[in-house]
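Worksheet: one structure, shown below.
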Amino acid sequence: MTVRKEKYAVKTMEVFRQFGLHLSIDEIADRAGVTKKTLYNHFDSKEGLLMFCLQTFVNDLEKKIAIMYAEEINAIDGFKSGIYGMGEVFHSMSPVFFNDLRKMFPEISGTQHKAGFGSFLEGMKKNLLKGKREKLYRQDIDIEMISRFFITSVVSFFISSVMTRSDYSAKDYFTSMIDYHLHAVVTPKGQRLLEDENSNSQNTDRQ
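This note's numbering runs 41 ahead of the 1-based position in the sequence shown.
Structure follows, in structure tokens:
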């Protein structure tokens, strides 16, 4: 049943992203291409359906963040992959869906925001610790403060100037934030790694 619930949640999220949360359960079912009975067989209410969709969103976010401290890659590459992946998940939340969520379901929005923020914070802390062990990040950085500063800045600016106002493209924004953060925390060893990766990337583009 879980697989089916996830399938219906994916379809429902597409409807939410496009039309927002003002739709009735009948309208959601119609636009998702399923029957109302089918939705009620898996979800007890519109709120229950929304909660499941948001939990799926958080689970996806946690998977993207986990790469930040994965053992098989260094901290710098892990940070880049995690932030880009997180950006993709965040960008999938359309402005109409995000605004409706905050206005119509503030308690649900707050709970999910707290869960996502907590996962992001732990991922940042583990990435900074990993980078310090690998001698890629400076030993004198305050992990708690840097983690909270980066997360708060990135998320709040993304919501206010990228998602809702589109002053910047999501890809350019996260690329700039990655570059800004890494150059602030890397050691000379980490700087050389960044330069080597940039050089390899430029050579690949020319081919």
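No residue lacks a Cβ here, since even glycine has one placed at the ideal position from N, Cα and C.
- Cβ contact annotation for Ala-116 (same chain, cutoff 6 Å, sequence separation greater than five): Asn-168, Lys-171, Gly-172, Glu-175, Leu-177, in chain order.
- When secondary structure is reduced to three states using DSSP, Tyr-178 falls in the strand class.
- Under DSSP, Val-227 takes part in a beta bridge, and its partners are Tyr-178.
- The count of Cβ pairs closer than 8 Å, one atom from the region 110-125 and one from the region 64-79, stays below three, leaving the stretches out of contact.
- Distances from the alpha-carbon of Leu-64 to those of Leu-91, His-83, Thr-79, Asn-82 put Leu-91 closest.
- Secondary structure of Asp-141 (DSSP, three-state): helix.
- Cα atoms of Ser-188 and His-83: separation of roughly 38 Å, rounded to the nearest angstrom.
- In this structure, Ile-192 places its C-beta atom within 7 Å of the C-beta atom of Phe-161.
- Of the candidates Lys-166, Glu-163, Gln-96, the residue whose Cα lies closest to the Cα of Ile-149 is Gln-96.
- Distance from the Cα of Val-195 is smallest, within the candidate group Arg-58, Phe-131, Phe-139, Ile-66, for Phe-131.
- The closest CA to that of Phe-60, considering only Ser-210, Pro-136, Ala-111, Lys-212, is found on Pro-136.
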